[in-house]
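Scroll down for the structure; my scribbles are underneath it.
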Ligand code: BGC
């Protein structure tokens, strides 16, 4: 490699550090690097995104199709709390990327769930940095095991979409290190992603992409990261500063950027030494790629196998919020299926997390496939008001034209992007957001209630990058017609002693407290990917017991999160700055410390079965705490349990949250009466907080709290730390 570096001209080095725009070979892939043909350096392809490989299913003049699997979104993956499963999802995504000629995935994303309004909440893992970091590490291990690179993003502080391209995010160093940088640090140390994507926003005054503190001091020096750093697409305002600060690859890149860097070099603003270092990092990434290693993609990934993994993740990601003897339903139950999302289930969020799968199984189709009888009259009403097929038809036609070669290369730019991509997206958006639900007469509902055994009402929402969610009807709140639909269906069914189940097909929490008492059961299915209907049907029928747990606090009122008091920033009508003034008190750290009652707490999720926790033993070794216990299935159904370990610190010099998640474990499937011995090790330094200078584990008694959620603590023990222990920013022991 050094040989190639020594042969490169400055112009070629600069060409390497500026992307070549959207991919021209793999249509729909978000980027490509520039090739240096005379030295045999190929161009490599980068593609979104967290829920699967986001490429178009067609390529110019090629008869093959390139459909990818729509996996459940990240928020679903974390709801499984199952690291092995998430690693398998990553591996399947890696295999699809490899077989379709994608070298680097632009995923996973690990920004925090700081506000319920975040437009990308579905693309992010959690409000807890340990959970998010561990999930990201599992995902990255999976992708990279296939020889494809993963990119952890968006580094850092991109927790809202409003003003994302320029807003100045002000975060204290303590909150940064304990909350916002932490998932990156965990995943980078555990799984070493090939690339890091610097975020759009500013951090404490400088664009992330232009911040030497972030990209060079923290990432390279303190954490010892040696992979590649790229910008988010069109991020920041000065490519010269980006290169100086530590970006190796400016994305998506154009000739204007090349020109600016060349000028900066000629004027002596950018040294050849820095340019060489950045180009070397790009070359290293290229050298690791399958493309450089001569791999020939088959264009035939194992979509059948991956559909099974997508199904498993969707099943395990379902969270049961409420169940008053309504679920599971009997196999021969007659089901009345309400809500548009029952027939057009939303598989995923929009924007760069979008995918083009071969199919999406709706809840109605999933139930039918399992032999469940759906009320045909209700179905007919919904089907007759739908027009989605026409639009899907549009984009399929365009894809066909590409395959046939009648949509020319020149057309495959912005226009085509808008046509294929946005048309489809905007339609699913407007359909789920706007169309009225409540068009049934009393007589109709009464007849349906008499003729069915159970009602299911699906409430759907969709969300996208670029826009935050809206705290208004139709988004975070039910619309009046949806509220009426739930109330009227409940009245009609309860009159005959029949149950009503609500399915939440949502990117993140919606307001629930005002209507949850009207219904008997609530399942959060999130945006569950292409296997949606099959996964949901099997949960409804009890083929699998729900085992998902909330990776974030489900608010009672969206405005109760402290961050909402200043959202979207200052000044309110055109914010240029957002201060994370709640500091480390994000999510349950806030709710638990300040005694606020959410609708459902972090880590919450019911099962059809019950689990007993017993025999807790907590041992302190020199560098870790080992927590052991036994979990037993005491109920009537088989199921998995998520064991969570929280630690409550002693009162010390630093203010600390009431408790913090330090470890977790998902059991295997336990049959009734079966048990599993669970062992969770917590490195002692994970008890530390950042005091402005270094990490400190203060002496005193720590309570180890083991439970089924953050507020359902079943067993407790204490351990004693005799002396303060301090660590520097690279986690080396240091005097306190
Ligand atoms: C998003 C990134 C994405 C990139 C390329 C940006 O708008 O923020 O997450 O990877 O586009 O599509």
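Numbering (our numbering), first residue to last: 85 to 820. All C-beta atoms, glycine included, are put in the ideal place defined by N, C-alpha and C.
Grab the span of the alpha helix (DSSP H) containing residue i for me, first residue to last.
i, result
"residue 699", "Segment 695 to 704 is the beta strand (DSSP E) holding residue 699; no alpha helix (DSSP H) there."
"residue 349", "339 to 350"
"residue 216", "213 to 228"
"residue 162", "158 to 164"
"residue 528", "526 to 535"
"residue 467", "460 to 468"
"residue 276", "Neither: residue 276 is in no alpha helix (DSSP H) and is coded neither H nor E."
"residue 577", "564 to 579"
"residue 252", "Not the alpha helix (DSSP H): residue 252 falls in the beta strand (DSSP E), residues 252 to 254."
"residue 235", "Looking at the DSSP string, residue 235 is not in any alpha helix (DSSP H); the run it does join, the beta strand (DSSP E), is 233 to 239."
Given residue i, which residues of its chain have a CB within under 7 Å of its CB, disregarding the five upstream and five downstream residues?
i, result
"residue 599", "562, 567, 570"
"residue 799", "697, 700, 713, 790"
"residue 386", "179"
"residue 818", "778, 810, 811, 812"
"residue 248", "242, 284, 285"
"residue 61", "Because the chain is modelled from 85 through 820, residue 61 falls outside the range shown and cannot be assessed."
"residue 688", "633, 634, 793"
Going along the chain, which residues of its own chain have a beta-carbon closer than 8 Å to the beta-carbon of residue i, five neighbours each way excluded?
i, result
"residue 714", "697, 698, 699, 759, 760, 761, 762"
"residue 278", "188, 228, 233, 234, 235, 311, 312, 369, 372"
"residue 738", "773, 775, 780, 782"
"residue 359", "94, 97, 98, 101, 327, 345, 349"
"residue 581", "none"
"residue 594", "543, 545, 559, 560, 561, 562, 588"
"residue 262", "213, 668, 773, 774"
"residue 85", "364, 367, 368, 371"
Just curious, the beta strand (DSSP E) that residue i is in, first and last residue?
i, result
"residue 283", "It is not in any beta strand (DSSP E) - residue 283 carries neither H nor E in the DSSP assignment."
"residue 315", "312 to 315"
"residue 386", "Segment: none, residue 386 is in no beta strand (DSSP E) and carries neither H nor E."
"residue 539", "538 to 544"
"residue 763", "759 to 767"
"residue 605", "605 to 608"
"residue 553", "Per DSSP, residue 553 belongs to no beta strand (DSSP E) and is neither H nor E."
"residue 811", "809 to 811"
"residue 589", "583 to 589"
"residue 787", "784 to 791"
"residue 798", "797 to 805"
"residue 450", "No beta strand (DSSP E) holds residue 450; the alpha helix (DSSP H) holding it covers 447 to 453."
"residue 823", "Shown here, the chain extends from 85 to 820; a query on residue 823 therefore has no answer."
Here's a check: name, in chain order, each residue in its chain whose Cβ is nearer than 6 Å to the Cβ of residue i, leaving out the five neighbours to either side.
i, result
"residue 813", "306"
"residue 647", "198, 199, 666"
"residue 373", "128, 187"
"residue 693", "629, 717, 719, 721, 723"
"residue 192", "134, 220, 223"
"residue 499", "Confidence is the limiting factor: at residue 499 the pLDDT is only 43, short of 50, which leaves the residue's position unreliable, though a coordinate-based value still follows. Counting only Cβ-Cβ distances below 6 Å, and skipping sequence neighbours, we find nothing."
"residue 155", "135, 136, 173, 394, 613"
"residue 749", "727, 762, 764"
"residue 89", "364"
"residue 555", "642"
"residue 408", "604"
"residue 140", "111, 112"
"residue 216", "194, 209, 210, 267"
"residue 437", "133, 134, 135, 207"
"residue 143", "111"
Contact defined as beta carbons within less than 8 Å: I believe residue i pairs with residue j. What is the distance between those atoms, to the nearest angstrom?
i, j, result
"residue 620", "residue 587", "7 Å"
"residue 729", "residue 711", "5 Å"
"residue 107", "residue 190", "The pair is not a contact, with the Cβ atoms about 12 Å apart (cut-off 8 Å)."
"residue 459", "residue 417", "Between residue 417 and residue 459 the Cβ distance is about 11 Å, and since that is not below 8 Å, they are no contact."
"residue 252", "residue 286", "4 Å"
"residue 184", "residue 383", "6 Å"
"residue 661", "residue 671", "The Cβ separation is near 22 Å, so there is no contact."
Would you say residue i lies against chain B (beta-carbon separation less than 9 Å)?
i, result
"residue 361", "In the structure shown, chain B does not exist; there is a single protein chain."
My parser needs the alpha helix (DSSP H) runs of 4 or more residues fully inside the region 390 to 440; what are they? 424 to 427
Would you list, in sequence order, the uninterrupted beta strand (DSSP E) runs of no fewer than 3 residues that lie entirely inside the region 99 to 183? 129 to 131
Taking the runs of the beta strand (DSSP E) that are 3 residues or longer, which of them lie wholly in the region 664 to 748? 695 to 704, 708 to 717, 726 to 732
Which runs of the beta strand (DSSP E) spanning at least 3 residues fall entirely within the region 600 to 651, listed in chain order? 605 to 608
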